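Enquirer: Below is one structure. I have some questions about it.
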Amino acid sequence: MTEAFLGLAGKTPKLMSLLMEHNGVKILQLVIWEDLSFVFRKRLLYRFKKLLKTLPSPQRKDLINKSNFLKSSFVVMLPFCGDYEFQEYLTELLVRLAMSQKNWKNMLMSWFTKFPTMASGIALLNIKNYEVSCRKFLNAINESQPCDGRVHSLPCLHAVVSGSVELLKPMTSSG
């Protein structure tokens, strides 16, 4: 139900605005609620960050103020969630929330004060080349974690899925 509502809200700006104003924090609370299935929380986070992308800055600021207590939960969850895509969605959510401020990097760093390694990695984030910089940020976080909680990525030169689909290496900042 929540996922369908989020999907519908994405198509109707007025509905999205109302949803975020009255239920944005509640939806974010579902993301950290461990009793829900991980797959559901991941899809919920994906849809929420997409909606957040279109939310006007004043509403994002309001959401930041209302969800202050959740940011620390997201920061703690980031290195230990065990899934790279979830980490990517969570990072984008935090960046989008922080971008309502002029000095968004400083705001992000203030959320990571208890985790100096992660806070220093924020300098790697670059909006113009976000995908590449986010990957570098998450790789730095994951490399600094003990093996049991960390997301592992395996480098490879060539990969084929189902015998016919070739996976290509992601673009780097140099091309």
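Just so we're aligned: the sequence shown equals residues 2 to 176 in this note's numbering. Where is the CB? At the ideal position from N, CA and C, for every residue including glycine. This structure is a prediction, so every number in the text was calculated from the model and none was measured.
Which one or two residues does DSSP pair with residue 167 in a beta bridge?
Expert: Paired residue(s): 161.
Enquirer: With respect to the alpha helix (DSSP H) encompassing residue 135, which residues constitute its N-terminal and C-terminal limits?
Expert: Where residue 135 is concerned, the enclosing alpha helix (DSSP H) stretches over 131-144.
Enquirer: If we count the other Cβ atoms within 10 Å of its Cβ and call it buried at 16 or more, is residue 124 buried or exposed?
Expert: When all chains shown are included, residue 124 counts as exposed.
Enquirer: Please report the distance separating the alpha-carbon of residue 48 from that of residue 21.
Expert: Their backbone Cα atoms lie some 12 Å apart in a straight line.
Enquirer: Looking only at its own chain, which residues have a Cβ that is under 8 Å from the Cβ of residue 138, when we skip the five neighbours before and after it?
Expert: The answer, listed in chain order, is 92, 122, 123, 125, 126.
Enquirer: With a threshold of 7 Å, establish whether the CB of residue 42 neighbours any heavy atom of the ligand HEM.
Expert: The ligand HEM is not among the ligands present in this structure, which contains no ligands whatsoever.
Enquirer: Hey, how far is the Cα of residue 162 from the Cα of residue 35?
Expert: Approximately 32 Å between the Cα atoms of the pair.
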